[in-house]
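Chemist:
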Amino acid sequence: MNLNDRMIQFRLASRNLYNTFFYTASRDEAVDAEERYSNVLEALFLNMVSYPEKLQEVSYYETQSSIEVLLKNEPHRIYFVDVETNQGNWETFKISKNNMLRLSFKYFFDWDDLAIKDNRYVRGIIISFPENEELVGKAALIEANDAIFQKA
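Here this note's numbering runs 6 ahead of the position in the sequence shown, where the first position is 1.
1. Should I122 go down as buried or exposed, given a rule of 16 or more other Cβ atoms within 10 Å for buried?
2. Could I get the ranges of all uninterrupted beta strand (DSSP E) runs contained in the region 119-151, with 3 residues as the minimum, in chain order?
3. Would the region 126-133 count as touching the region 101-115 if we require 3 or more Cβ pairs under 8 Å?
4. Looking at the secondary structure, which residues open and close the beta strand (DSSP E) in which Q156 lies?
5. With 16 as the cutoff for other CB atoms within 10 Å, does R17 come out buried or exposed?
6. Can you tell me whether DSSP reads S71 as helix, strand or coil?
7. Report yes if the C-beta distance between E48 and Y66 is below 8 Å; otherwise report no.
8. Nearest CA to the CA of L107: which residue from A146, T69, G94?
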């Protein structure tokens, strides 16, 4: 099994784990459930991805510089970039075919942390974006289904 397959399995397993065993419709209980889930998520990532791939142990929500995210060769996709670092000011960018956007993986993301999870997006840090070099170092979101994961 390669890293890309492991990441896809982790995405599905972590999503199913939360939705089946931690999700609650009560917003008051959801914060505590999300915190408990985060603790389990750390161990799940280590055991499903980091250990089998012999990657450096990094906390799940930290930048995983040993995991690079590339885009499938699909033209004209729209992605989000946090243009003011960590301010949540997300802007959309259209990516042309054959663009070499590369990210360091951070974590799977949904807009609402406390809702049913889909892990729809990959959040990462831009390490290369030839069409927009000024965005290197910024956080980005790409559709998980558009991502290819490989060792850096």
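Cβ atoms here follow ideal geometry from the backbone N, Cα and C, with glycine treated the same way.
Modeler: In short:
1. Exposed: under 16 other Cβ atoms inside 10 Å.
2. Along the region 119-151, the beta strand (DSSP E) occurs as fully enclosed runs of 3 or more residues at 127-134, 145-149, listed in sequence order.
3. They touch, by the three-pair rule.
4. In the DSSP assignment, Q156 falls within the beta strand (DSSP E) that extends over 153-157.
5. With a 10 Å radius around the Cβ and a threshold of 16 neighbouring Cβ atoms, R17 comes out buried.
6. S71: strand per DSSP, three-state reduction.
7. With a cutoff of 8 Å on beta-carbon distance, E48 and Y66 are scored as near each other.
8. For L107, the closest alpha carbon among the candidates A146, T69, G94 is that of A146.
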